Amino acid sequence: MRRKDFLKASAVGVGATALPGCTEEEEFIVQQVRRSNELPGETVWRSAVCRQCDSGCGIQVRVVDGNAKKIEGDEANPVNRGGVCALGHSLLQEVYNPDRILQAQRSIGERGSGAFETIAYDEAVEQLVEAVGSTPSDRIAIIAAGADRTSLTGEIWRRFANAIGAPPPAYIEPSEREVERQAARIALGTDDFPYFDIARSDYVFSIGAPIVDPWRSATHYTGALASMRRDRPGRRGRLVQAEARMSLTAANADRWLPVVPGTEGILARAIAGLILEAGSAGTIARQRYRSLFPDDPPTLQEASETCDIRADWIEEVAADLAATPASMVIGGGSAAATTNGLFNITAALGLNILLDNLGMPGGVFAPIAFGVTSSSGADSVTPIADVAARLRGETGSPVDFLIVSEADPVHALPAGVGLEAALGNVSTIAALSNSRDDTMLHADIVIPVHTELERFELVEPGTSVGVPVLGVAEPVIEPRGAGQHPAEVVIQLTRGLGGSIAGDFDWSDAEELIETLLEEEQSELPGGEDVSQAAFFNAAIDRGGIFGNGEPAAVPAGPSGAAPDITESRFEGSAADYPYMLMPFESVRHRDGRGANRPWIQEMPDPLSTVMWNSWVEMSPELAEALEIHDGDLIRIESPTGSIEALAGLDATVRPDVICIPFGHGHKDFGRYAQGRGANVMNLIGSEQVDGTSAFAWAATRVQVERIGEGRLVRFGRAHEEMGGEGEVIPAGWAPHDTSRAARTALRENKV
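The sequence shown begins at 1 in the numbering used here and counts up by one.
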């Protein structure tokens, strides 16, 4: 008897594992048993795991009468320690979204038309079976969400691809992730991006990495930054941010260096030169750094002119890093997204070699994971650029059958990749989705899937938090519609294929698959010794996961070879024709756009601009004045790849040679709250890649700007006023957008 089939009339403790006399297979305690004792109107909090990004935060869901009412962070989970971002809070609106897909569908119109008819779920699966069975394995491609790279879904897609002989799945994730991983392997000898022990640091220098913004594990690092500043009486750490745009991180830093995009590596190398010149680095540290960068670094004056940063500020940062015992350097984000991004991040991470902080409190640690669902080997992932090239018919086997699992590559990838047009070359496209996103519109078959609150899940954080974490969750509410867990879709698909493939996927559902994976690793996991499988599983469900403890301890090996040569970044478009550098960014509102179909997220003001319900273009008042553009005007932004129209948002902190546009807007569909709202900045990005990688260089585009006419940019205070409020109501700590312009301009111009 399986766990899900066993019902018991009386309440049974978590420690109970089997019925008396049960010898062949252990009985699992059904979670519905505890639910059956709930009284009408009673509040119950249940553990779950958030998958809105790959951080894998632990959450607690308040459930009343079977309905999810509220989400809070799980304080016991080492990833977020009780924190939860706006997307995590808005999960409820994913579950109850009025535009959610609840039934299987089949296309009845041209690709991209959005014309579908409802079909039976089993019929949709049969069509998947037929497509896989009739397509040569090397002509099948799988694209999954980036959050699934280290989850149960990613694990089963990898196993499926291997079983049928298809290439490994590709994942839609921020392209700088590939650059950051590769730079970490070169500079630190780690198999993935390292862990930065910010909470115990005294001085953090971040080059391009917006640690408080949506980058890596934002909830974890935001909490760590708060601990660094306030949790040690008499010992307050400092944060210095080098980044072209004033991000939320830069706004919260003790000092901001508005570096020219693409010159971040020059800044890091110049600081290394000052540390070497001062003789503050030890002999071994100097030798290890020289193995990474054997050539002489640029001079202080060269770096100051190239980066457009005051020389005395660069000197101060170098001196502070060398003089502060627990200091560290982080590299990532926009610094990884120019064509020389690999050099930039390797140069940034390499500074930690000179600081001799590897494996030290407040320093840099190697990533650590249980490895139940994560796989960092190059043969376990297909770069998305390779899939795009196959779709275009340029390299490798063409794609006849494409499976897209909970991802939207049409919206997320640069327009220069040509993915949308290339989908016309594919015979059959299947989308596993619960939303009418831009990719799903091109699908022939649509399989609805459960939201994360409706399914069993097994997740390892995509970014290490210093200790191993494995999130384990069961459905906290009954699922809606005919959807399934993606893992169950794969199981049903292999069952239809039959033969040895079906034998390799001999699980009844996602729950049994999780039980099997945990059983295989139980003896190696914390709390797994001397307990039954059932007790171990139930305890993990109740706790929301399996967590390592103690302080970070894994020490990076150090440089694994020479760093990339110093190069200038290339930009698509000439400076004469396209005079301004484009800097896209992720807003805390809905990151890459996943939350754009939720009114909570659309109504939430951006913390810095206070803009709501739209995308905007950050530009300096100097540039706006030269182009006769006023705040809120409708403007056209054009690159060599394409053009978009958006509303101008003047910001005195923006460099005059840079304009900034948030990701995540401009969906062709994605429901009533997102359709046609704002513009997709990816329509401006071409096909340039980061040298030495397959990652797309989204910060390597030049644009031109022109005014079209008057517009209306809704900000928090203005929205309140238009709804009948008295004047602009701004929360404490916020400022109307044009307040203190002189001070913000001074920040950008390095005058304070």
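In this text, a Cβ means the ideal position worked out from N, Cα and C, and glycines have one as well. Computed from a predicted structure; not experimentally measured.
Between Asn683 and His665, the beta carbon gap of about 11 Å keeps them out of contact (Cβ cut-off 8 Å). For Gln105, the beta-bridge partners assigned by DSSP are Thr118, Val446.
With contacts defined by Cβ atoms closer than 9 Å, Leu419 and Ala388 form a contacting pair.
Annotated as proximal: Val404 and Met440, with beta-carbon spacing under 9 Å.
One thing to note: Cys85 has its Cβ within 9 Å of the Cβ of Pro214. In this structure, Phe370 is the residue among Glu586, Glu603, Phe370, Ala554 with its C-alpha nearest to the C-alpha of Leu517.
Using a 10 angstroms sphere on the CB of Gly83, the tally of other CB atoms reaches 16 or more, which defines it as buried. In the DSSP assignment, Ser643 falls within the beta strand (DSSP E) that extends over 643-650.
At the C-beta level, Leu276 and Tyr289 come within 9 Å of one another.
Distance check between Arg702 and each of Ile601, Glu572, Trp616, Met612 places Glu572 closest, using alpha-carbon atoms only. For Gly503, the closest alpha carbon among the candidates Ala695, Ser609, Phe160 is that of Phe160. The beta-carbon separation of Leu87 and Arg594, rounded to 7 Å, stays under the 8 Å limit for a contact. In this structure, DSSP gives Ala170 an extended state, which the three-state scheme calls strand. Non-local C-beta neighbours of Glu75 in its own chain, meaning closer than 7 Å and more than five positions away in sequence, comprise Arg81, Gly82, ordered along the chain. Taking the C-beta atoms as reference points, Leu650 is found no nearer than 9 Å to Ile445. In this structure, Asp437 is the residue among Ser380, Asp437, Ala539 with its C-alpha nearest to the C-alpha of His667. Following the DSSP letters along the chain, one finds Ser206 inside the beta strand (DSSP E) bounded by residues 203-207. Classified as exposed, Trp45 has fewer than 16 neighbouring CB atoms from the shown chains inside 10 Å of its CB. Look at the beta carbons and you see the region 314-331 touching the region 203-219: at least three pairs across the two are nearer than 8 Å. Between Asp633 and Gly527, the C-beta spacing is not below 9 Å. For Glu515, the three-state secondary structure derived from DSSP is helix. Glu155 is not bridged by DSSP to any residue. DSSP, read as helix, strand or coil, puts Thr43 in strand.
Pro409 and Ile172 have their C-alpha atoms some 7 Å from each other. Scanning Gln492, Gly686, Gly545, Asp506 for the CA closest to the CA of Leu582 turns up Gly686. Distance from the CA of Val611 to the CA of Ala646, rounded to the nearest whole angstrom, comes to 13 Å. With contacts defined by Cβ atoms closer than 9 Å, Ser620 and Arg655 form a contacting pair. Ser435 sits buried, since 16 or more C-beta atoms from the chains shown fall within 10 Å of its C-beta. In this structure, the straight-line span from the alpha carbon of Gln105 to that of Glu155 is close to 26 Å. A contact between stretches requires three or more CB pairs, one per stretch, nearer than 8 Å, and the region 223-238 fails this requirement with the region 282-302. The straight-line gap separating the alpha-carbon atoms of Ser47 and Arg455 is approximately 12 Å. When rounded, the separation of the alpha-carbon atoms in Pro556 and Thr249 is 26 Å.
The region 463-478 and the region 547-564 touch, with no fewer than 3 CB-CB distances between them shorter than 8 Å. The beta carbons of Asn614 and Arg707 sit about 17 Å from each other, so the pair does not count as a contact at 8 Å. Of all alpha-carbon atoms in Ser587, Phe663, Glu625, the one lying nearest the alpha-carbon of Ile211 is that of Ser587. Residue Ala412 holds the alpha-carbon nearest to the alpha-carbon of Ala596 among Ala412, Arg111, Ala318, Ile266.
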